[in-house]
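Chemist: What follows is a single structure, and I will ask about it in a moment.
There are 2 protein chains.
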Amino acid sequence: MNYPGKVKKSYNKYTNYSNRGMDLEDLINQSNEYYLEENIAIVHKKPTPITISEVKYGTKERIITKAYFRTPSTLDYNGIYRGKYIDFDAKETLNKTSFPLQNIHEHQLEHMKRIIEHGGISFLIISINSEVYLLDGNIILDYIKNTNKKSIPYKFIKENGIQIEKKIRPRLDYIKAIDNLYL
Amino acid sequence: MNYPGKVKKSYNKYTNYSNRGMDLEDLINQSNEYYLEENIAIVHKKPTPITISEVKYGTKERIITKAYFRTPSTLDYNGIYRGKYIDFDAKETLNKTSFPLQNIHEHQLEHMKRIIEHGGISFLIISINSEVYLLDGNIILDYIKNTNKKSIPYKFIKENGIQIEKKIRPRLDYIKAIDNLYL
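Quick mapping for you: the protein sequence lines, in order, are chains A and B.
Going by the working numbering, 155 is the number at position 155 of the first sequence; the sequence numbering is gapless.
Converting from the second sequence to the working numbering requires adding 1000 to each position, the first position being numbered 1.
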């Protein structure tokens, strides 16, 4: 929730990282808080998938003392907007000419395809060249199928994606991009 | 995925625990695998929410060496079925006369309310007296609002919920209950 300490911390984080285009996740999380507060959409980031191996009982609470990261089989964010199921991931690259596909797992692409088949909205939010784009899942899947390439050129993203506006509230108005593209 | 080792393990687990009504989560996870394989619905359990405090770099992978459990602010399961957003949690009780509400957090009830307002389907799957019921979110929220009680009587659940059939595949056919109740 939006208590002062947290907002300040997030704000500082944003200020520190903005120049090198990092912290896309934080911007999206802040946008999701805004959408929730304003009752516009309900979107949450899924917790990091882990396998817990050891837990100890502390004096006040249980503490995980050994756990491993798991490869995610779904996308990081999902929720509901105007009655529609939405499901997406956020990726950023420092590469200026193309977005490498290596950081999207095969299972995640499969998940994206299924979601679309079942009537959901699925896409990637891609941060490249200090710009942020919403690129539709179908366009991504078709691109991979048709080209068999390992990266998506910046030019392709610019031409086929919807640029997401950076604002104060919300930080990244990706819901507006959804309105433009899908609704 | 459905490789033999895992199924066997889960099956044994089910056999061991079935008499005391445990392992509801495992039954739902197995049902979700079935729905996914049969392309009926896409529902995943969210990973356990944790705050990672320390990570070490092993020879092969990163190992979490200190992490804490966080209180969930959403429900454990969400996904899409026939184009509809669905969002629910699974709870079991050994209490035979009523289901105590203490293990549903205030934030989770708030989440449930929001999901319904936005056009999603939200409910609890409740295991009580060796039976499993789907109890609609609106009914739960109304019950709490109207009675201010700290538990829901078994009789109320039986009368107002939809009993979920236990089968081989899927283990718990909660999608059938959704069909009956909502679609």
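The C-beta atom is built at its ideal place from N, Cα and C for all residues, glycine as well.
Does the segment 111-122 of chain A come close enough to the segment 152-159 of chain A to have 3 or more Cβ pairs within less than 8 angstroms?
Modeler: Judged by Cβ distances under 8 angstroms, the segment 111-122 of chain A makes no contact with the segment 152-159 of chain A, as fewer than three pairs qualify.
Chemist: With DSSP run on the structure shown, which of helix, strand or coil describes SER1031/B?
Modeler: Here residue 1031/B is taken as the residue at index 31 of the second sequence, counted from 1. If DSSP states are grouped into helix, strand and coil, SER1031/B belongs with the helices.
Chemist: Grouping DSSP H, G and I as helix and E and B as strand, with all else coil, what is ASN39/A?
Modeler: The residue you call residue 39/A lines up with position 39 of the first sequence. The answer is coil: DSSP assigns ASN39/A none of H, G, I, E or B.
Chemist: So for HIS44/A, helix, strand or coil by DSSP?
Modeler: If you number the first sequence from 1, residue 44/A lands on position 44. Correct three-state label for HIS44/A: strand.
Chemist: Leaving out five residues on either side along the sequence, give the residues of the same chain with a beta carbon under 7 angstroms from the beta carbon of ILE50/A.
Modeler: Taking the first residue of the first sequence as 1, we reach residue 50/A at position 50. Answer for ILE50/A: ALA67, TYR68, PHE69, ARG70, listed in chain order.
Chemist: Please work out which residues of its chain come closer than 7 angstroms, Cβ to Cβ, to ALA177/A, disregarding the five sequence neighbours upstream and downstream, and give them in chain order.
Modeler: The sequence position of residue 177/A within the first sequence is 177, counting from 1. The residues are LEU134, ILE162, ILE164.
Chemist: Does TYR34/A get closer than 7 angstroms to chain B when you measure Cβ to Cβ?
Modeler: Taking the first residue of the first sequence as position 1, residue 34/A is located at position 34. For TYR34/A, the answer is no, since every Cβ of chain B falls outside 7 angstroms of its Cβ.
Chemist: Which runs of the alpha helix (DSSP H) at least 4 residues long sit entirely within the segment 102-150 of chain A? Give them in chain order.
Modeler: For the segment 102-150 of chain A, whole alpha helix (DSSP H) runs of length 4 or above, ordered along the chain, are 106-117, 137-147.
Chemist: Short check: CB of GLY111/A to CB of THR1074/B, under 7 angstroms?
Modeler: The sequence position of residue 111/A within the first sequence is 111, counting from 1. The sequence position of residue 1074/B within the second sequence is 74, counting from 1. For the record, residue 111/A in the displayed sequence is His; it is not Gly. No, the Cβ-Cβ distance between HIS111/A and THR1074/B is not below 7 angstroms.
Chemist: With respect to the alpha helix (DSSP H) encompassing ASN1180/B, which residues constitute its N-terminal and C-terminal limits?
Modeler: Here residue 1180/B is taken as the residue at index 180 of the second sequence, counted from 1. 1174-1182 is the extent of the alpha helix (DSSP H) around ASN1180/B.
Chemist: Under DSSP, the alpha helix (DSSP H) around ASN1160/B begins and ends at which residues?
Modeler: The residue labelled residue 1160/B in the question sits at position 160 within the second sequence. Residues 1154-1160.
Chemist: Going along chain A, which residues have a C-beta under 8 angstroms from GLU1025/B?
Modeler: As a working note, residue 1025/B is residue 25 in the second sequence. The contacting residues do not exist; GLU1025/B stays about 14 angstroms from chain A at best.
Chemist: Can you check whether the CB of ASP76/A is closer than 7 angstroms to the CB of ASP89/A?
Modeler: For the purposes of this step, residue 89/A is taken as residue 89 along the first sequence, with counting starting at 1. For the purposes of this step, residue 76/A is taken as residue 76 along the first sequence, with counting starting at 1. Yes, the Cβ-Cβ distance between ASP89/A and ASP76/A is below 7 angstroms.
Chemist: Output yes if chain B places a C-beta closer than 7 angstroms to the C-beta of GLY83/A; else output no.
Modeler: By one-based count along the first sequence, residue 83/A stands at place 83. Yes, because at least one Cβ of chain B sits closer than 7 angstroms to the Cβ of GLY83/A.
Chemist: Taking only beta-carbon positions, decide if LYS1113/B is within less than 7 angstroms of chain A.
Modeler: Counting from one through the second sequence, the residue named residue 1113/B turns up at place 113. It does not: the Cβ of LYS1113/B has no partner Cβ on chain A nearer than 7 angstroms.
Chemist: Out of PRO1072/B, ARG1114/B, LEU1183/B, which has the shortest C-alpha to C-alpha gap to LEU36/A?
Modeler: Sequence index remark: in the first sequence, residue 36/A carries index 36 (1-based). Minimum Cα distance to LEU36/A is reached at ARG1114/B.
Chemist: Report the CB separation of ARG169/A from TYR34/A in whole angstroms; it is logged as a contact under 8 angstroms.
Modeler: On the first sequence, position 169 is the one that residue 169/A refers to. On the first sequence, position 34 is the one that residue 34/A refers to. Indeed they touch by this definition, with Cβ atoms about 5 angstroms apart.
Chemist: Which residues share a DSSP beta bridge with GLU1054/B?
Modeler: Looking up residue 1054/B in the second sequence gives position 54. DSSP output for GLU1054/B lists LYS1066/B as bridge partner(s).
Chemist: Can the beta-carbon of LEU101/A be found closer than 7 angstroms to that of SER53/A?
Modeler: Here residue 101/A is taken as the residue at index 101 of the first sequence, counted from 1. Here residue 53/A is taken as the residue at index 53 of the first sequence, counted from 1. It is not a contact, given that the beta carbons lie outside the stated cut-off.
Chemist: Express the C-alpha separation of GLU1092/B and ILE1125/B in angstroms, rounding to a whole number.
Modeler: Locating residue 1125/B in the second sequence gives position 125, where the first residue counts as 1. Locating residue 1092/B in the second sequence gives position 92, where the first residue counts as 1. Going by the C-alpha atoms only, they are around 8 angstroms apart.
Chemist: Can you give me the Cβ contacts of LEU1024/B inside the same chain, cut-off strictly under 6 angstroms, excluding the 5 residues immediately before and after it?
Modeler: Counted from its first residue, the second sequence places residue 1024/B at position 24. Around LEU1024/B: ALA1090, GLU1092, SER1127.
Chemist: So which residues of chain B does THR74/A contact, with C-beta pairs closer than 7 angstroms?
Modeler: To locate residue 74/A, count along the first sequence from 1; it is residue 74. Neighbours of THR74/A on chain B, chain order: HIS1044.
Chemist: Interface residues of chain B around GLY161/A at Cβ under 8 angstroms?
Modeler: Taking the first sequence and counting its residues from 1, one reaches residue 161/A at position 161. Chain B residues near GLY161/A: none, gap ~23 angstroms exceeds 8 angstroms.
Chemist: Apart from the five residues just before and just after PRO72/A, which ones in its own chain have a Cβ nearer than 6 angstroms to its Cβ?
Modeler: By one-based count along the first sequence, residue 72/A stands at place 72. Taken in chain order, the residues that qualify are PRO49.
Chemist: To the nearest whole angstrom, what separates the beta carbons of ALA41/A and GLY83/A, a pair I think is in contact under 8 angstroms?
Modeler: By one-based count along the first sequence, residue 41/A stands at place 41. By one-based count along the first sequence, residue 83/A stands at place 83. Not a contact, Cβ separation roughly 11 angstroms.
Chemist: Determine the burial state of ARG171/A: buried for a count of at least 16 other Cβ atoms within 10 Å of its Cβ, exposed for fewer.
Modeler: Against the first sequence, residue 171/A aligns to sequence position 171. Answer is buried; the Cβ neighbour count reaches 16.
Chemist: Name, going along the chain, the residues of the segment 92-125 of chain A whose beta-carbon falls closer than 7 angstroms to a beta-carbon of chain B.
Modeler: Under the 7 angstroms Cβ criterion, the segment 92-125 of chain A contributes ARG114, ILE115, HIS118, GLY119, GLY120.
Chemist: Would you kindly check if the distance between the Cβ of ASN160/A and the Cβ of ILE144/A is under 7 angstroms?
Modeler: What you label residue 144/A is simply residue 144 of the first sequence in a count that begins at 1. What you label residue 160/A is simply residue 160 of the first sequence in a count that begins at 1. Not a contact, by the Cβ cut-off of 7 angstroms.
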